[in-house]
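*Asks:*
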Amino acid sequence: MTLEADIACLGRLPLFRALPLPRLKLVALMGEKLSFEAGAQIAAEGEKPEGVYVVLQGEVEISNERSNGEGPRFHLNSGSLIGDVPLLSGQSYVGSISAKSAVTVLLLPKDLFFELMETIPDFSLALTRDLASRLYRLANFTLHAEKVH
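Numbering (the UniProt record's numbering), first residue to last: 1 to 149.
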């Protein structure tokens, strides 16, 4: 993807829609674009996040494998954020994060992520809504054993 394509991709995501074009460009430039092949590990369980991953393309899986190779798994698609919850809570990743398909992410350093939260109220509101939506889906899954998406 080119810088223009990265900016357009970010601008389509609900979390970044409120950002003015110069700020979107700054996010695209300051973020580190990373690519992972299917099966590659993006982050390890117990690791502290260095920032927030924005999934630009592909599908990732968060898993917590038990000794028998089984365990819960969650799949996240393009537009998903990874690492915001442990970063905001000062915790480490609760599971391994790997590429389910070929994946392109934009890693936003934690300083940039916190600056966006502090200086752009619409970004903070969009992040709060996103977190609340994920918490609701998790509660629904836990209480009704429905698929989390």
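All C-beta atoms, glycine included, are put in the ideal place defined by N, C-alpha and C. As the structure is a computational prediction, the values presented were derived from the model and not from experiment.
Take Glu61 as the anchor and find which of Ala38, Glu50 and Glu47 has the nearest alpha-carbon.
*Replies:* Within the sequence shown, the letter at position 61 stands for residue 61. Closest by alpha carbon: Ala38.
*Asks:* Quick check on the DSSP output: the beta strand (DSSP E) that includes Arg73 runs from which residue to which?
*Replies:* The residue you call residue 73 lines up with position 73 of the sequence shown. Start and end: Arg73 to Leu76.
*Asks:* Do Tyr53 and Val105 have their beta-carbon atoms positioned less than 9 Å apart in this structure?
*Replies:* Within the sequence shown, the letter at position 105 stands for residue 105. Within the sequence shown, the letter at position 53 stands for residue 53. It is a contact, given that the beta carbons lie within the stated cut-off.
*Asks:* With DSSP collapsed to three states, give me the class of Tyr53.
*Replies:* Residue numbering aside, residue 53 sits at position 53 when the sequence shown is read from its first letter. Here Tyr53 sits in strand by DSSP.
*Asks:* Within 10 angstroms of its Cβ, does Pro49 collect 16 or more other Cβ (buried), or is it exposed?
*Replies:* Walking along the sequence shown from the start, residue 49 turns up at place 49. By the neighbour-count definition (other C-beta atoms within 10 Å, threshold 16), Pro49 is a buried residue.
*Asks:* If you run the structure through DSSP and keep just helix, strand and coil, what is Val27?
*Replies:* If you number the sequence shown from 1, residue 27 lands on position 27. The answer is helix: DSSP assigns Val27 an H, G or I state.
*Asks:* By a C-beta neighbour count over all protein chains shown, 10 Å radius and 16 as the cutoff for buried, is Gly90 buried or exposed?
*Replies:* Along the sequence shown, one-based indexing puts residue 90 at 90. Looking at its Cβ environment, which holds fewer than 16 other Cβ atoms inside 10 Å, Gly90 is exposed.
*Asks:* Could you pull out every residue in the same chain whose Cβ sits closer than 6 Å to the Cβ of Gly83, ignoring the five residues on either side in sequence?
*Replies:* Your numbering for residue 83 matches position 83 in the sequence shown. Answer for Gly83: Pro49, Val52 and Tyr53, listed in chain order.
*Asks:* Taking the alpha helix (DSSP H) that Leu3 belongs to, which residues open and close that run?
*Replies:* Position 3 of the sequence shown, counting from 1, holds the residue named residue 3. Here the alpha helix (DSSP H) through Leu3 covers Leu3 to Arg12.
*Asks:* Quick check: what's the CA-CA separation for Ser63 versus Gly95?
*Replies:* Translated into the one-based positions of the sequence shown, residue 63 becomes position 63. Translated into the one-based positions of the sequence shown, residue 95 becomes position 95. When rounded, the distance between both Cα atoms is 5 Å.
*Asks:* For the beta strand (DSSP E) holding Phe16, just list the boundary residues, first then last.
*Replies:* Taking the sequence shown and counting its residues from 1, one reaches residue 16 at position 16. Run containing Phe16: none; DSSP gives neither H nor E here.
*Asks:* Thinking C-beta only, is Leu56 closer than 9 Å to Lys33?
*Replies:* Residue mapping note: residue 33 aligns to position 33 of the sequence shown, counting from 1. Residue mapping note: residue 56 aligns to position 56 of the sequence shown, counting from 1. Yes, the Cβ-Cβ distance between Lys33 and Leu56 is below 9 Å.
*Asks:* For Tyr93, which residues of its own chain have a beta-carbon under 6 Å away from its beta-carbon, when the five flanking residues on both sides are left out?
*Replies:* By one-based count along the sequence shown, residue 93 stands at place 93. Within the same chain, Tyr93 has close Cβ partners Ala43, Glu45, Glu47 and Pro86.
*Asks:* Within 10 Å of its beta-carbon, does Ala99 have 16 or more other beta-carbons around it, so buried, or fewer, so exposed?
*Replies:* Numbered from its first residue, the sequence shown carries residue 99 at position 99. That one is buried.
*Asks:* Whose C-beta lies closer than 8 Å to the C-beta of Phe113 among residues of the same chain, with five residues either side of it excluded?
*Replies:* Stepping through the sequence shown from its first residue, residue 113 is reached at position 113. So the list reads Gly51, Val52, Asp84 and Leu87, once near-sequence residues are dropped.
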